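**Q** Please find one structure pasted underneath; my questions will follow.
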Amino acid sequence: MERLRQGRNGKKPGPPVHDDLVGRDFTADDPNQLWLADITAHRTDEGELYCCANKDVFSNPIVGYSIPDRMKSALPDRECVGGRG
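So this is what it looks like as structure tokens:
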């Protein structure tokens, strides 16, 4: 039996936040079929900044990004979808 690893904060990970819509199959046959999103917080002397990026799985380019100073749930979608039509 595999043990759950504790995170950096000493707590066990909770349940997934969203459903696994791709069944952990991170492949695509054409552009714009599957994008990955990531939001990373970076501490600065002036407060936190959030690097939000979307990547097209087919050919691996970053298709959009933003670096806001506030966390909002619509950040990756708004920044990236608007730029790709």
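Residue numbers (UniProt numbering): 1 to 85.
Cβ atoms here follow ideal geometry from the backbone N, Cα and C, with glycine treated the same way.
All values derive from a computational prediction rather than experimental measurement.
(1) Starting from the C-beta of D38, find all residues in its chain whose C-beta is less than 7 Å away, skip the five residues before and the five after it, and write them out in chain order.
(2) Exposed or buried, what is V22 when buried is set at 16 or more other beta-carbons lying within 10 Å of its beta-carbon?
(3) Report yes or no: do the segment 26–35 and the segment 55–73 share at least 3 C-beta pairs separated by less than 8 Å?
(4) Hey, could you find the ends of the beta strand (DSSP E) E46 is sitting in?
(5) Kindly give me the distance between the Cβ atoms of H42 and L36, rounded to whole angstroms, as I take these residues to be in contact under 8 Å.
(6) Going straight from the alpha carbon of D69 to that of D45, what length do you get?
(7) Using the three-state DSSP reduction, which class does L21 fall into: helix, strand or coil?
(8) So is V17 buried or exposed if we call it buried at 16+ other beta carbons inside 10 Å?
**A** The answer reads as follows:
(1) Taken in chain order, the residues that qualify are A53.
(2) By the neighbour-count rule (16 or more Cβ atoms within 10 Å), V22 is not buried but exposed.
(3) Output reads yes: the segment 55–73 touches the segment 26–35.
(4) Per DSSP, E46 belongs to no beta strand (DSSP E) and is neither H nor E.
(5) Actually they are not in contact, since the Cβ atoms of H42 and L36 sit about 19 Å apart, beyond 8 Å.
(6) D45 has its alpha-carbon roughly 12 Å from the corresponding atom of D69.
(7) Here L21 carries a coil assignment [DSSP, helix/strand/coil].
(8) V17 comes out exposed.
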